[in-house]
Amino acid sequence: MKLFLGFVKKEFYHILRDRRSLFILFGMPIIQILLFGFAITNEINNVNIAVFDHSKDVTTQEIINKISASSYFSINQLIENETDIETVFKKGKIKAVLIFERDFNKKLITNKNPTVQIITDATDPNTANTISNYVNATIQSYVKEINKDTPIVYQINAQSHMVYNPELKSVFMFVPGVMTVILMLVSAMMTSISITREKELGTMEVLLVSPLKPIQVIAGKVIPYVFLSVINAIVIIVLSIFIFKMPVEGSLILLGFESVLFIITALALGILISTVSATQQTAMMISLMGLMLPVIILSGFIFPIDSMPLPLQLISNIIPAKWFIIILKAIMLKGVGIFYIWKETLILLAMTLFFIILSTKKYKIRLE
Amino acid sequence: MKILGFIIQKEFKQIFRNKGMLPIIFIMPLIQLIILSNAATFDIKNIKLSYIDNDHTSYSRNLISKFDASKYFHVITDFPNEKAANSAMLNGDVDVILEIPQHFERDLHKEKHVNLRVTINAIDGAAAGVESVYINQIIQNYNGHIKLSLMQPLDSQITFLSISTIPSFWYNKTLNYKTFMVPGILVLLVTMITLFLSGMNIVREKEMGTLEQINVTPIKKSQFIIGKLFPFWVIGLGLLSIGLIIAKVLFNVPIIGDLGLMYLYTSIYILVILGIGLFISNFTDTQQQAMFISWFFMVIFILMSGLFTPIESMPKWAQVITEFNPIKYFVQVMRMVMLKGSGIVDILPQLLKTILYALLMNGLAIWSYKKTN
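As given, the protein sequences belong to chains A and L, one line each in that order. Numbering-wise (this note's numbering), the first sequence opens with residue 78 and increments by one. Numbering-wise (this note's numbering), the second sequence opens with residue 53 and increments by one.
This is the structure in structure tokens:
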């Protein structure tokens, strides 16, 4: 036991001595969560729209005013002929063009149903679709206004209640995701380097001839990083509560417990990577190239998993980040207890055990 | 020139000798391109809908069958009361709860209008907005039906003024996400490979102590740097080519614009990334530090590139930061040239900024590289 403690102490010294890495380790997550918490949003804001108005009458002017009054759009270009549409799209600044047909007002009053064409630059399909829906909604609400004196006939109205996030803030969606990505990558990267570094620098030999058992060497490598990552997790949680006003509806203790569990999962994955790679370069390329995009895309951080094709939904199950994001959202936003998330917790636990057992098996006690 | 040739030869040999790295450089990015492009979709489908029917009439059943028929919704189950439904939502089993009130049919006949309660899980705010739009569309549609069947002669005198909108989606009529994502993910992969490799390369020689050996040779600074970076430049362009073939053959992404223009831009762009990598390499002592820093910039570059979330939606100060993000320009140029067929005049601002960036980064990198310790 004393031997083991000495080894852990040595690892701590190693980490604390490299000031520059330490600074990066703690500074980066803070900068990233601040930057992304504010900047990553898929709400639509100030989209540039151009107008091609064939009739230029009272009604079209009123509609244009209504659209430009909303914070979603800013109308900043008038187009006078058809070919200009192509030109503005190719320049890339304008995302949508509205075309009002001739005699708009006259058609409206005589009940002839005038039309507005909404042409969107659908190279970004999501934004295009949202713009199209919002413009349509704005125009329909204008129609409702001009019809307000007509009695309604046979109508079902849907009253929507947005639960867990009534203001539809995208911060609530992205902060748990950013937190997961940062913890996952930092933890996996740190440990994956620690063992390969010893291999590459030749000090592994010393460890191998020491009386420490493989499991002790691995545990000794992980323990200091557990501490560091827990501090990181605490900082991130504090920032998300105080700066981004993320609620923690559920128990803070449960949140802490789950975070530690996830950190250990990520560290164990890092250990596994380090046991299968020969050089630091390989280890880092696997933990960065191999983890970064899958964690960002397949975890449900940005893209909804339910909309993915079935094979990918199945693949997403092996991404630990997916389960942690579900847990985070459940505790922070829904305020549920362990009874609602025991399944996810168990999955993370099983993954951790799997990684640890596999890396102890793969850990080579002989030099090549 | 002859010396340069030998350095390049040495670097290529070193890359191809490392059998552990080869699949990571050449296979992993392409597999990710193929798999992840399918996953990256904001298309809202398979919305899990459940309902509470307090009315049990033909009208309420008809309404639910409308949802069942829609391709967006997947009617999971019905619940006897609100409590059971809410608990299912807490569990994450349902996304939307539709509650049909008692006397739904009677009120519709008598009062001529009736309210439905719809509860939407809004943790993903954007998805919730879209779901709400789909729900309203279905209900509007149903309203049209009941109006036709219930309208009395007296009512028909009432006329509504109406305006219709015709949406049309240019460059991507079917709103296919792959068309949008494949070029973007390709950009990320090319960038990641070239940045990580170049960022780690020189610092590796430093850590191993072999840099000193090179420093005492008559190799000039410029020869050494060009020799180091040229192989990665070739690898980057090679990846782009394979990626474009995959995009065309596998994903059927239209390539409308000029391929030559795309290669011209990419060859300059990779210089920017290599310059950044070299710069990082000069300022760090260990591969670990170099990796951490490259990772830091990479995550920022990726998430602020406009690939996943639109740049226009970011706050002003964040938009200013994106001006320094090379990936942003690459994503823009790829999409503009590939999908819209933009010409050199259209991408001139991006092209000039990239050239400037390349000059700046490589200048800094060469300046900060010292042959003596």
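In this text, a Cβ means the ideal position worked out from N, Cα and C, and glycines have one as well.
Host alpha helix (DSSP H) of residue i (start-end)
i: A:Lys-167; result: 160-168
i: L:Asp-105; result: No alpha helix (DSSP H) contains L:Asp-105, which is instead part of the beta strand (DSSP E) from 99-105.
i: A:Asn-309; result: 291-319
i: A:Asp-95; result: Run containing A:Asp-95: none; DSSP gives neither H nor E here.
i: L:Ile-218; result: That residue, L:Ile-218, is in no alpha helix (DSSP H); its beta strand (DSSP E) goes 216-222.
i: L:Ala-180; result: 177-202
i: L:Glu-375; result: No alpha helix (DSSP H) holds L:Glu-375; DSSP gives it neither H nor E.
i: A:Glu-282; result: 281-286
i: L:Ala-91; result: 80-91
i: A:Asn-203; result: 202-223
Residue from the options whose Cα sits closest to the Cα of residue i
i: A:Thr-192; options: A:Asn-203, A:Ala-199, A:Asp-180 and A:Lys-276; result: A:Asp-180
i: A:Thr-110; options: A:Gly-333, A:Met-323 and A:Ile-341; result: It should be noted that the sequence gives Ile, not Thr, for residue 110 of chain A. Nearest C-alpha to A:Ile-110: A:Met-323.
i: A:Val-165; options: A:Ile-126, A:Lys-183, A:Gln-232 and A:Gln-138; result: A:Ile-126
i: A:Ile-434; options: A:Leu-346, A:Leu-375 and A:Pro-371; result: A:Leu-346
i: L:Lys-100; options: L:Val-351, L:Lys-135, L:Ile-373 and L:Leu-150; result: L:Leu-150
i: A:Ile-340; options: A:Leu-425, A:Thr-118 and A:Thr-137; result: A:Leu-425
i: L:Ala-137; options: L:Gln-384, L:Lys-123 and L:Ile-152; result: L:Ile-152
i: L:Phe-382; options: L:Asn-334, L:Leu-292 and L:Tyr-421; result: L:Leu-292
i: L:Pro-362; options: L:Lys-380, L:Val-351 and L:Phe-349; result: L:Lys-380
i: L:Lys-300; options: L:Thr-231, L:Leu-416, L:Ile-175 and L:Asp-145; result: L:Thr-231
i: A:Arg-97; options: L:Met-350, L:Phe-335, L:Tyr-421 and L:Leu-238; result: L:Phe-335
i: A:Ile-101; options: A:Ile-259, A:Leu-368, A:Arg-274 and A:Lys-439; result: A:Ile-259
Residue i: contacting residues in chain L (beta-carbon distance under 9 Å)
i: A:Met-105; result: Phe-344, Ile-345, Trp-347, Phe-348 and Val-351
i: A:Gln-357; result: Met-252, Arg-256, Glu-259, Thr-338, Gln-339, Gln-340 and Met-343
i: A:Pro-324; result: What A:Pro-324 touches in chain L: nothing, since even the nearest Cβ is about 11 Å away.
Run of the beta strand (DSSP E) containing residue i, from where it starts to where it stops
i: A:Gln-232; result: 232-240
i: A:Gln-194; result: 192-198
i: A:Phe-177; result: 173-177
i: A:Ser-151; result: 150-155
i: L:Leu-168; result: 165-173
Beta carbon of residue i nearer than 7 Å to that of residue j
i: L:Asn-90; j: A:Ala-199; result: no
i: A:Met-366; j: L:Met-244; result: yes
i: A:Ser-384; j: L:Thr-226; result: no
i: A:Gly-327; j: A:Val-413; result: yes
i: L:Pro-235; j: L:Met-356; result: no
i: L:Ile-345; j: L:Trp-285; result: no
i: A:Ser-436; j: A:Ile-348; result: yes
i: A:Met-361; j: L:Met-343; result: yes
i: A:Thr-136; j: A:Asp-130; result: no
i: A:Ile-152; j: L:Thr-217; result: no
i: L:Phe-221; j: A:Ala-214; result: no
i: L:Met-413; j: L:Ile-332; result: no
i: A:His-91; j: L:Thr-171; result: no
i: L:Phe-119; j: A:Met-105; result: no
i: A:Thr-207; j: A:Ile-121; result: yes
i: A:Ser-364; j: A:Ile-382; result: no
i: A:Gly-279; j: A:Glu-88; result: no
i: L:Tyr-103; j: L:Asp-130; result: yes
7 Å Cβ cutoff, residue i in contact with chain L
i: A:Asp-226; result: no
i: A:Glu-222; result: no
i: A:Ile-348; result: no
i: A:Asn-119; result: yes
i: A:Ser-247; result: yes
i: A:Phe-380; result: yes
Where residue i meets chain A, residues with beta-carbon distance less than 9 Å
i: L:Phe-331; result: Going along chain A, no residue has its Cβ under 9 Å from L:Phe-331, so there is no contact; the nearest lies around 16 Å.
The ligand ATP heavy atom lying under 6 Å from the CB of residue i
i: L:Pro-401; result: The model on display carries no ligand, and the ligand ATP is accordingly not part of it.
Within chain L, the residues that residue i reaches when beta carbons sit closer than 8 Å
i: A:Val-240; result: Met-141, Thr-171, Ile-172, Asn-173 and Ala-174
i: A:Val-212; result: Thr-217
i: A:Gly-114; result: Correct list: empty, because the minimum Cβ distance to chain L is about 11 Å.
i: A:Ala-127; result: Here the premise fails: no neighbours, minimum Cβ distance about 13 Å.
i: A:Ala-310; result: Residues of chain L passing the Cβ test: none, with the nearest at roughly 17 Å.
Proximal residues of chain A, C-beta to C-beta of residue i below 8 Å
i: L:Lys-97; result: Asp-383 and Ser-384
i: L:Asn-46; result: With chain L covering only 53 through 425, there is no way to say anything about residue 46 of chain L.
i: L:Lys-102; result: The residue you asked about is not Lys; residue 102 of chain L is Ser in the sequence shown. Neighbours of L:Ser-102 on chain A: none; closest Cβ ~14 Å, over 8 Å.
i: L:Leu-160; result: Tyr-231 and Ile-233
Residue i at chain A interface by Cβ criterion, 7 Å
i: L:Glu-163; result: no
i: L:Lys-123; result: no
i: L:Phe-94; result: yes
i: L:Gln-84; result: yes
Residue i: contacting residues in chain L (beta-carbon distance under 7 Å)
i: A:Val-413; result: Leu-142
i: A:Gln-194; result: Ile-218 and Ser-220
Contacts that residue i makes with chain D (C-beta to C-beta distance below 9 Å)
i: A:Ser-351; result: Within the model displayed, chain D is absent; protein chains A and L are what it includes.
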